[in-house]
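Participant:
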Amino acid sequence: MGLKEIPLLFVLAGLVLYVTLAGADFGAGFWQLVAGRGERGERIREHAHDAMAPVWEANHVWLIFVLTVFWTGYPTAFGSIASTLAVPLFIAAIGIIFRGAAYALRAGTTSLREQSAVDTAFSISSVLTPFALGTVIGAIADERVPVGNAAGDMFSSWLNLTAVTIGVLAVVISAYLAAVYLAADAVRAGDAELEQAFRRRALGTGVVAGALAVVGLVVLHHETHHLYHELVAGRGLPALIVSVLAGLATLVLVVVRRYELSRYTAALAVAAIVAGWALAQEPVLLPGLTVSQAAAPHDTLVAIVVAVVGGGLILFPSLALLFSLTLRGHIGYIGGGPASAEQLPDGGPTSGGVRGVVARSSTGLLVRAAGACLVGALGFLTAADAGWAHVIGVLSLVGFIVLGVCAALPLALQEDSAAGD
Amino acid sequence: MIAALIGTALGPVQQHYLDEARQMQALSFAVHIPLVCFGVAFPAMVLLAEWLHLRTGDDLYRTLARRWTRIMVALFAIGVITGTILSFEMGLLWPNFTATFGDVFGLGFAIEGFSFFLEAIFIGIYVYGWERMPPRWHLLSGLPIVFTGFSGSMMVIAVNGWMNHPSGFKLVNGKTTDVHPWAALFGNRFFWHELVHMYIAAFIVAGFVVAAAYAVGRLRGNWGRYERIALAIPLTIAALAAPAQLLVGDWAARTVATDQPTKLAAMEGLQKTTKGASEHVLGWYDAKTGDIKWGIEIPYLLSLLSTHDPNGRVQGLDAVPAADRPPVNVERFAFQTMVGIGTLLALIGVLTLLVRWRRRRLPQSVWFYRALVVAGPLSLVCLIAGWVTTEVGRQPWVVYGVMRTADAVTGAGGVPVGYAVLALVYVGVAVALAWILRRLARSPLAPHADPQPTTQV
């Protein structure tokens, strides 16, 4: 393995993270859809939303990561896939719009009835999106995407037995991951009834997911025999074994209520499936196109590695912060936690405070400095033509705006004493 | 200009609906870009309000910051999805563009992905951390949102700058070779003016739109201390940014004159390469005669503006074949709309600052607030007109002088169907967004949150 494969590893890792993290988000939408009526249904919907609301945007970005690294590292393959599989990708995109809109809209709902209406209306997308994205994976695995601009069939490329099976599997895995996550979350919230509800759902969908995986192998045997052979007897076999073991371990952990641990084994099972697929298909990316043929030139590959490693060094600590704050309850869906009054600065509205801000900054001086910056910008940005002069000009302009705000804002804020509305 | 395209990565296709594909892209972009302004500029205003609360202890600022936070998160969520649509469309509509040049420009989007990632993470922490984190830490958790808003725009505009002024690669038989992505994206002198222009535009748009919302309230008699401060913060920022934007716009136009002379010629409707060229305000470009009809002519101004010499030489449309020119009237109309509205917004800004400086208060005339109400939507029109100017002016090229948009488009069928579905969905999203913003504006904070401040009307 060399430099040409490294971006593909990033893409596959991003895919595993997207399936396990955002998959749980779509799965939560699935459980909202089938939660049923009445108070109990509403509680399930409520719980599914509250658990996901702070993290869904961050989870969703893994898809953007997968797309951008893929089109930078393997542009020809990306163009071929996106044009042939335009229909399922477009369906997934529309589903993502609905899913995101549901979160935005919910912020404006005032009653439970409105909330559940929003949830139900948008939960359909939670099934559509993983299904459509699953068929995309299936179509690639089934060698239905030739190199070229929309060279494959617009419909039969993804509406075939292999692709549809993987699409359905994606939906079930999402529902399963969500149930495990929500059960764990219910334990943290100390809600035994909800925990039971999601534990049952986790076990049920876990068994279904396992059965579907077996069906998937049978389908592969008939439809894509080469891949099947590599998976059960070739390079993919170790990964397949790991996946089966991790899947079984997950079920056992759910039975014994070790939900937190079971999330990791579930992720491992998903990762092993993806790894098995990659190993079985390697070195071919698309029919007639190997990974190294598809790879971008050397400088671009190096740039991707630098960007991903550098970005990861900032990203992962931030993500860890988000998840640890969420898990420890330092942040959460408004849910009226202990509004620690002692943390608030003492004292109510004091006009003296505002005057303090004003007094600390001499307005006349600020106005003059802002004016000087504006004159500087006129000289360096407008009159001059050199690049270095423009840098000074832009900085002067920024100085003008910032100093201007500092000068003008306090006047507006203290105005009530003068204007007396 | 680099030698014209010899081949593309995926080969030629027939696409009957090229214009529909263009319109679908333009629609997606026009929906997304106002939300970007709020993603970039609004967090700074929210943080300013929160900082004022920490500085003064006045709970009014805290209420303001919390209410704005709810607006910010709703707009961010919609911005996330409309942005995702744009990244899908890179493949769905323009697969040959991405297939041929993804290795040159893609890095910008990959880094932008990280930027966006961090923004999403810290928005999550900031929004759901109200009341649960120590105040100072909460304020700090908002700062990365402001930084990533800037770095994200920088990455996307680096790609746009590269599309307008491509370099950092060679193209041989449809394959890129000798690719230097860092140099292509960041060693490009063309993108700096675009970045500054867009970043300041974000503050103008967010400032005027938010100010317009409270101006509506004032006209309806909804005017207490809370509303006045909620109007003063965005208005002050926009009032300073709008005049500053004139200087940046002038800089941008001069860069376009140097690097994309045909775009400038289309913006001005200048047919022949001219020394001492006149500027025409308003009017209509007649493609047959190459003249501007019914325009107001200002002699020597175009040469003076673009070369700093009243007798300077300005390249005309006739320097390139007709097939390589953008649609002149669309381009001219968009450009004049942007300049006209931008100047109007700058005047409102200067007026605000003058009244503030001389009389030490906000303007009191009802006409000022009526103008503000109009300025909000106008700033959005101005923003979109500006992007039409740069994007339509780039046509017929997707990569200026290298790849035509017609060669970038997908060969897949069903473009009009996708366009119709997306348009319908976006109408729905717009209605939903309007509904939720009205709700958020009316409803008080959740009952378990802060008590209503007495100052609120």
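One line per chain: the protein sequences are A and B, in this order. Convert by adding 206 to the 1-based position in the first sequence; the result is the number in our numbering. Convert by adding 47 to the 1-based position in the second sequence; the result is the number in our numbering. Glycine included, each C-beta is placed from N, C-alpha and C at the ideal position.
1. In chain order, what residues of the same chain have a beta carbon less than 7 Å from the beta carbon of B:Met-201, not counting five sequence neighbours either side?
2. Is the beta carbon of B:Leu-419 closer than 8 Å to that of B:Ile-276?
3. Determine, using beta carbons only, whether B:His-227 comes closer than 8 Å to chain A.
4. Where does B:Lys-319 fall in DSSP's three states?
5. Once DSSP output is grouped into helix, strand and coil, what is the label at B:Trp-404?
6. Determine the chain B residues that contact A:Asp-505 at a beta-carbon separation under 7 Å, and present them in chain order.
7. Quick one: residues in its chain with C-beta nearer than 6 Å to the C-beta of B:Ala-381, no 5 flanking neighbours on either side, listed in chain order?
8. Around the Cβ of A:Val-420, are there at least 16 other Cβ atoms within 10 angstroms (buried) or fewer (exposed)?
9. Along chain A, in chain order, which residues have C-beta atoms closer than 9 Å to that of B:Trp-404?
10. Once DSSP output is grouped into helix, strand and coil, what is the label at B:Thr-336?
11. Does DSSP put A:Val-608 in a helix, in a strand, or in coil?
12. Quick check: A:Ala-472 and A:Leu-383, are their CB atoms within less than 8 Å of each other?
13. In angstroms, rounded to a whole number, what distance separates the CA positions of A:Arg-394 and B:Gly-160?
14. Please return the same chain residues whose Cβ sits closer than 6 Å to the Cβ of A:Val-448, not counting the five positions on each side in sequence.
15. Count the other C-beta atoms from every protein chain shown that fall within 10 angstroms of the C-beta of A:Leu-519, then say buried if there are 16 or more, exposed otherwise.
16. If you check the beta carbons only, do A:Ala-502 and B:Ala-157 fall under 8 Å apart?
17. Roughly how many angstroms lie between the CA atoms of B:Arg-417 and B:Val-386, to the nearest whole one?
18. Check whether the Cβ atoms of A:Ala-408 and A:Glu-401 lie closer than 8 Å to each other.
19. Identify the contact partners of B:Trp-298 in chain A, using a Cβ-Cβ distance below 8 Å as the criterion.
20. Following the continuous alpha helix (DSSP H) through B:Leu-122, name the residue where it begins and the one where it ends.
21. To the nearest angstrom, how far is the alpha carbon of B:Ile-168 from that of A:Ser-524?
22. How about A:Leu-215: is its C-beta nearer than 8 Å to some C-beta of chain B?
23. Measuring alpha carbon to alpha carbon, tell me which of B:Leu-139, B:Arg-379, B:Val-428 and B:Ala-369 ends up nearest B:Gly-389.
24. Of all the residues that make up the segment 161-175 of chain B, which are near chain A by a beta-carbon distance shorter than 9 Å?
25. Could you pull out every residue in the same chain whose Cβ sits closer than 7 Å to the Cβ of A:Ala-403, ignoring the five residues on either side in sequence?
26. In its own chain, which residues sit with a C-beta less than 6 Å from the C-beta of B:Ala-304, not counting the 5 before and 5 after it?
27. Anything in chain A within Cβ reach of B:Ser-134, meaning under 8 Å, just list it in chain order.
28. Going along the chain, which unbroken runs of the alpha helix (DSSP H) with 4 or more residues stay wholly within the segment 270-335 of chain B?
29. Identify which residue in A:Asp-348, A:Ala-500 and A:Arg-246 has its Cα closest to the Cα of A:Phe-284.
30. Using the rule of at least 16 other Cβ atoms within 10 Å of the residue's Cβ for burial, across every protein chain shown, is A:Thr-496 buried or exposed?
31. For chain B, check one thing: does any of its Cβ atoms lie closer than 8 Å to the Cβ of A:Trp-364?
32. Helix, strand or coil, according to DSSP, for B:Glu-344 in the structure here?
33. From the DSSP secondary-structure annotation, give me the bridge partner or partners of A:Leu-496.
34. Looking at B:Gly-138 and A:Ala-288, is the spacing between their C-beta atoms short of 8 Å?
35. Could you check where the alpha helix (DSSP H) with A:Thr-371 kicks off and where it finishes?
36. Name, in chain order, the residues that DSSP records as bridge partners for A:Met-258.
Facilitator: In this structure, then:
1. In the second sequence, counting from the first residue as 1, residue 201 of chain B sits at position 154. These residues qualify, in order along the chain: Leu-242.
2. To locate residue 276 of chain B, count along the second sequence from 1; it is residue 229. To locate residue 419 of chain B, count along the second sequence from 1; it is residue 372. No, they are not a contact pair.
3. Position 180 of the second sequence, counting from 1, holds the residue named residue 227 of chain B. Yes, B:His-227 lies at the interface with chain A (some Cβ there is under 8 Å from its Cβ).
4. For the purposes of this step, residue 319 of chain B is taken as the residue at position 272 of the second sequence. Coil.
5. Residue 404 of chain B sits at position 357 when you count from the first residue of the second sequence. Residue state, collapsed to three classes: helix.
6. Residue 505 of chain A sits at position 299 when you count from the first residue of the first sequence. In chain order: Val-226, His-227 and Pro-228.
7. For the purposes of this step, residue 381 of chain B is taken as residue 334 along the second sequence, with counting starting at 1. Ala-432, Val-435 and Thr-436.
8. Within the first sequence, residue 420 of chain A is the residue found at index 214, counting from 1. By the neighbour-count rule (16 or more Cβ atoms within 10 Å), A:Val-420 is not buried but exposed.
9. Position 357 of the second sequence, counted from the start, is the residue given in the question as residue 404 of chain B. Val-573, Ala-613, Ala-614 and Leu-617, listed in chain order.
10. The residue given as residue 336 of chain B occupies position 289 in the second sequence. B:Thr-336: coil per DSSP, three-state reduction.
11. Looking up residue 608 of chain A in the first sequence gives position 402. DSSP places A:Val-608 in helix when its eight states are reduced to three.
12. Along the first sequence, read from residue 1 onward, the residue named residue 472 of chain A stands at position 266. Along the first sequence, read from residue 1 onward, the residue named residue 383 of chain A stands at position 177. Contact: yes.
13. Against the first sequence, residue 394 of chain A aligns to sequence position 188. Against the second sequence, residue 160 of chain B aligns to sequence position 113. Taking the straight line joining both Cα atoms gives about 32 Å.
14. Numbered from its first residue, the first sequence carries residue 448 of chain A at position 242. These residues qualify, in order along the chain: Ala-478.
15. Residue numbering aside, residue 519 of chain A sits at position 313 when the first sequence is read from its first letter. Flag for A:Leu-519 reads exposed.
16. Position 296 of the first sequence, counting from 1, holds the residue named residue 502 of chain A. Position 110 of the second sequence, counting from 1, holds the residue named residue 157 of chain B. Against a cut-off of 8 Å, the Cβ pair of B:Ala-157 and A:Ala-502 comes out as no contact.
17. Along the second sequence, one-based indexing puts residue 417 of chain B at 370. Along the second sequence, one-based indexing puts residue 386 of chain B at 339. Going from the Cα of B:Arg-417 to the Cα of B:Val-386 covers about 21 Å.
18. The count along the first sequence starts at 1 and reaches residue 408 of chain A at position 202. The count along the first sequence starts at 1 and reaches residue 401 of chain A at position 195. In this structure, A:Glu-401 does not lie closer than 8 Å to A:Ala-408 by Cβ.
19. Translated into the one-based positions of the second sequence, residue 298 of chain B becomes position 251. What B:Trp-298 touches in chain A: Leu-587, Thr-588, His-596 and Gly-599.
20. Residue numbering aside, residue 122 of chain B sits at position 75 when the second sequence is read from its first letter. Per DSSP, B:Leu-122 belongs to the alpha helix (DSSP H) from 106-139.
21. Here residue 168 of chain B corresponds to residue number 121 of the second sequence, with the count starting at 1. Here residue 524 of chain A corresponds to residue number 318 of the first sequence, with the count starting at 1. One C-alpha to the other measures close to 7 Å.
22. One-based indexing of the first sequence puts residue 215 of chain A at position 9. Answer no: the Cβ-Cβ gap between A:Leu-215 and chain B never drops below 8 Å.
23. Reading the second sequence from its first residue, position 342 is the one you call residue 389 of chain B. Per the Cα distances, B:Val-428.
24. Phe-161, Ser-162, Phe-163, Phe-164, Leu-165, Glu-166, Ala-167, Ile-168, Phe-169, Ile-170, Gly-171, Ile-172, Tyr-173, Val-174 and Tyr-175
25. Residue 403 of chain A sits at position 197 when you count from the first residue of the first sequence. These residues qualify, in order along the chain: Ile-250.
26. Residue 304 of chain B sits at position 257 when you count from the first residue of the second sequence. Counting only Cβ-Cβ distances below 6 Å, and skipping sequence neighbours, we find Leu-311 and Ser-353.
27. What you label residue 134 of chain B is simply residue 87 of the second sequence in a count that begins at 1. What B:Ser-134 touches in chain A: Ile-270, Leu-273 and Thr-274.
28. 272-306 and 308-315
29. In the first sequence, the residue the question calls residue 284 of chain A occupies position 78. Among A:Asp-348, A:Ala-500 and A:Arg-246, the Cα nearest to that of A:Phe-284 is on A:Ala-500.
30. The residue you call residue 496 of chain A lines up with position 290 of the first sequence. Exposed, since its Cβ has fewer than 16 Cβ neighbours within 10 Å.
31. Walking along the first sequence from the start, residue 364 of chain A turns up at place 158. No, A:Trp-364 lies away from the interface with chain B (no Cβ there is under 8 Å from its Cβ).
32. The count along the second sequence starts at 1 and reaches residue 344 of chain B at position 297. Looking at B:Glu-344 - three-state DSSP - the assignment turns out to be strand.
33. The residue labelled residue 496 of chain A in the question sits at position 290 within the first sequence. According to the sequence provided, residue 496 of chain A is Thr. The question's Leu does not apply to it. BP columns for A:Thr-496 point to A:Val-490.
34. By 1-based counting over the first sequence, the position of residue 288 of chain A is 82. By 1-based counting over the second sequence, the position of residue 138 of chain B is 91. A contact, by the Cβ cut-off of 8 Å.
35. The residue you call residue 371 of chain A lines up with position 165 of the first sequence. Taken as a continuous stretch (DSSP letters only), the alpha helix (DSSP H) holding A:Thr-371 covers 367-395.
36. Counted from its first residue, the first sequence places residue 258 of chain A at position 52. Answer by DSSP bridge pairing: none, since A:Met-258 is not bridged.
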